[in-house]
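Protein chains: 2
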Amino acid sequence: MNKKLTIRDVAKHAGVSHATVSYVLNDVKKVSEETKLKVLASIKELDYHPDFTAISLSKRKSNIIGLMVPLIKDSPASMFTKNQYYYELLSGVETVARENNFDTMITGVGEPEECRDWVIKRNLDGLIILGIFPEQLYTEMKKLDIPIVLIDTYEEHTNEYNNVKIDDELGGYLATKHLVELGHRNIGFVGTNLKTSPVDIRRFEGFKKVHREYNILFDEKLLFESFDITFDHAVSLGEHILSIHQDITAIVTVSDILGIGIINAFQKNKKHIPNDCSIVGFDDLSICKYINPGLTTIKQDILSKGMVAAELIVKSLQLGSSSFANKTVEIPINLVVRGSTKAI
Amino acid sequence: MNKKLTIRDVAKHAGVSHATVSYVLNDVKKVSEETKLKVLASIKELDYHPDFTAISLSKRKSNIIGLMVPLIKDSPASMFTKNQYYYELLSGVETVARENNFDTMITGVGEPEECRDWVIKRNLDGLIILGIFPEQLYTEMKKLDIPIVLIDTYEEHTNEYNNVKIDDELGGYLATKHLVELGHRNIGFVGTNLKTSPVDIRRFEGFKKVHREYNILFDEKLLFESFDITFDHAVSLGEHILSIHQDITAIVTVSDILGIGIINAFQKNKKHIPNDCSIVGFDDLSICKYINPGLTTIKQDILSKGMVAAELIVKSLQLGSSSFANKTVEIPINLVVRGSTKAI
DNA sequence: CTGAAAGCGCTTACAG
DNA sequence: CTGAAAGCGCTTACAG
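Protein sequence lines, in the order shown, are assigned to chains A and B.
Count along the first sequence from 1, then add 297; that gives the number in my numbering.
Count along the second sequence from 1, then add 297; that gives the number in my numbering.
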């Protein structure tokens, strides 16, 4: 293979010092227009491309944004496989990063320590963290001197970082209110894990708020947990619900995946959706519109979430590390009504 | 922020030269057990983490695997958004990469030139390319001295690289044969673009092969193109098909996304699936099992595809750049029968 | 406006 | 077995 072209080759070709080449590359103003043009010409002619590794080492910045996704313990592959949600987010991050000349690096993370190691060893310029991480992670992160964006997080240390989230309570509220206004009173709530998921807790708060406003008594027996966001978990749970509560007329879920799985379980058992039971999802994954019946859901713009997260990083970096103003951005949500819900 | 810990700090702490620290880090055998232990202890005590940027520059390798996804022209975000397929693949790549101490970097690529620039500037150790790229890209890539894996590619230069693919003709064959054996004779074929997609061409070959074997005449009017793999495109096409060919009894598609969209179009028009028309998808995305009716499809293990691609890179790297043995790995596929197909 | 020199954090022949 | 020195490809005060 042909030897790697370096800044010195360009310098020689242009008849200047390699420092000068670096200056034009970095747009340092002290180079005369004339030499600048000469250098630029040489760069083009030789098809020279600067080595980011070397630049990173020199400048102590990598132009890389890291995206961390929590790993699922019992799965060999990362959480990635499970949920299309992450995918849309990644897409948003990558798009904005690329537009701003950053590359995006992704990793699944199990142990909190791995995370900091990762940032340090790769000299990551910014970090986006998805979902819930153990307390310990945040103290680790605090030692890092880079902009960090948390997505969908409600931990205590949240305001020490940038945040991108939605109003989860409002989401639960809108979903539930929709059902109540349709006349439903026996409404189930399906979360993943009400003990460990702050997101679910917020949505459940919204759910209960509607019950208070409409003076409906909520029977705690109508609260269910799937413990994982997969179709299979949802189907099992749906069958369980069917076997226990024949009087349930509507269900609010915290994820389209769960909603779709429950619909499937009901349909397999000869129940008609929405005639026998109304179901509301959460997220508005693209598939929701195309299943049968279409899934009524709370729409959040996941792509925007990713884009905003990357924008926060880019902006922080532009402002300089001295003044990371940690911001919280809330992405709007709204109810999308489709065929899976119906008045009774 | 506390100053970055370097190899020299460790050396000082352990009372050896920084070269010695590097030796134990790289497991160069010439260090005595005793000093090795001393150094290891210092590393642990100081919580030292080597800087990959510096290592990359020195070793001229980055421990990064790049994943390139083609961009869609008229979309601001990359192709990522569209198709869950890419997501599962990414997940497979990331998993294997991480297990082997590589990081994975992703980018959407528009112009072929960008691609080589990317590899050079980031010193990528290996490259995985998804889908179809213009001819020009391959000549660009040829100049690169790193292992490259193409996924689902049929270009001319294909055998100069590693390949991971499926037997697309067999896929089309299995899908079509299933329908023919159910008694269907008026079978439509829905591809994306028969002119530009070699994958589609292969699947269509399999489709036609069945027709020959069973002596069924294929009417070219039953060949349709969606030009993009989105639900919306599929719905439009489905409505188009309905308006033209009322006599069609079954449809083979090249993607679950298309299959699901067409089912949706038919259902909206009061057609019953599978009573009025049988539909076969392709890929077996996780959703297929849970929609109503379940989608009969050709299952391919997308996660494996990604894992195998990453494994090929890792192995090539282990063997050394002298002997990149370009391999082609074919991932098995099989027909999965669900509710969307029926005998007539 | 231009260039020589030191430095970013590591690796790796080379000499002892 | 250990260490001094040069080098990876770039940047950036500093002096002229």
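We put the CB at the ideal spot given by N, CA and C, even for glycine.
Please read all numbers here as calculations on a predicted model, not as lab measurements.
Chain B contact residues for residue i, given Cβ-Cβ distances below 9 Å
i	result
D414(A)	H346
F528(A)	S583, I584, K586, Y587
N561(A)	K586, Y587, I588, N589, G591
A606(A)	Going along chain B, no residue has its Cβ under 9 Å from A606(A), so there is no contact; the nearest lies around 14 Å.
G405(A)	S388, E391, T392, R395
Check whether residue i and residue j have beta carbons under 7 Å apart
i	j	result
I484(B)	A394(B)	no
V507(B)	V549(B)	no
T593(B)	D581(B)	no
N420(B)	S355(B)	no
A562(B)	G591(B)	no
S388(B)	T350(A)	no
I526(B)	I628(B)	no
Y435(A)	N623(A)	no
I560(B)	I545(B)	no
N572(B)	L539(B)	no
A606(A)	V446(A)	yes
E495(B)	Y451(B)	Note that residue 495(B) is Pro in the sequence shown here, rather than Glu. Contact flag set, yes.
T332(B)	V318(B)	no
N589(B)	Q564(A)	yes
V390(A)	T401(A)	yes
D497(B)	V551(B)	yes
F521(A)	F501(A)	no
L364(B)	I304(B)	no
Contact set between residue i and chain A, taken where Cβ atoms lie within less than 8 Å
i	result
Y458(B)	What Y458(B) touches in chain A: nothing, since even the nearest Cβ is about 16 Å away.
N420(B)	D348, F349, T350
S359(B)	T350
Which of helix, strand or coil DSSP assigns to residue i
i	result
D465(B)	helix
L421(B)	coil
V406(B)	strand
S613(A)	helix
A606(B)	helix
S637(B)	coil
H315(A)	helix
I526(A)	coil
N561(A)	helix
Q597(B)	strand
T436(A)	helix
F377(A)	For F377(A), the predicted structure reports a pLDDT of 49, less than 50, and the residue's modelled location is therefore unreliable. A value from the coordinates is still provided. In this structure, F377(A) counts as helix in the three-state DSSP scheme.
D516(A)	coil
E452(A)	coil
I628(B)	coil
M298(B)	Per-residue confidence for M298(B) stands at a pLDDT of 41, beneath the threshold of 50, marking its modelled position as unreliable; the derived number appears in the next sentence. Coil.
D240(B)	No answer is possible for residue 240(B): the residues shown for chain B start at 298 and end at 641.
V487(A)	strand
L592(A)	coil
For residue j and residue i, believed in contact at Cβ under 8 Å, the rounded distance
i	j	result
G423(B)	P367(B)	Rounded, the Cβ-Cβ distance is 18 Å, inconsistent with contact.
F528(A)	G558(A)	4 Å
K602(B)	I448(B)	6 Å
A311(B)	V328(B)	Actually they do not touch by this definition, with Cβ atoms about 11 Å apart.
I641(A)	H475(A)	Actually they are not in contact, since the Cβ atoms of I641(A) and H475(A) sit about 13 Å apart, beyond 8 Å.
N- and C-terminal bounds of the beta strand (DSSP E) containing residue i
i	result
S575(A)	575-580
V393(B)	Note, V393(B): premise wrong, no beta strand (DSSP E); alpha helix (DSSP H) at 381-396.
I584(B)	Where I584(B) is concerned, there is no enclosing beta strand (DSSP E), given that its DSSP letter is neither H nor E.
G363(A)	361-367
I548(B)	547-550
Limits of the unbroken alpha helix (DSSP H) element including residue i
i	result
I445(A)	Not the alpha helix (DSSP H): I445(A) falls in the beta strand (DSSP E), residues 445-448.
L479(B)	Per DSSP, L479(B) belongs to no alpha helix (DSSP H) and is neither H nor E.
G503(B)	495-510
L334(A)	330-343
T350(A)	349-356
Under 7 Å by beta carbon: chain B residues contacting residue i
i	result
Q381(A)	Q381, Y384
Chain B residues whose Cβ lies nearer than 8 Å to that of residue i
i	result
Q564(A)	N589
I552(A)	Before going on, a small fix: residue 552(A) reads as Ser here, not Ile. Residues of chain B passing the Cβ test: none, with the nearest at roughly 13 Å.
A351(A)	L354
I541(A)	In chain order: nothing, as chain B lies at least about 21 Å away.
Interface partners of residue i on chain A, CB under 7 Å
i	result
G558(B)	Y587
D400(B)	M402, T404, R419
Residue i: CB within 6 Å of a non-hydrogen atom of the ligand NAD
i	result
V416(A)	This structure lacks the ligand NAD; in fact it carries no ligand of any kind.
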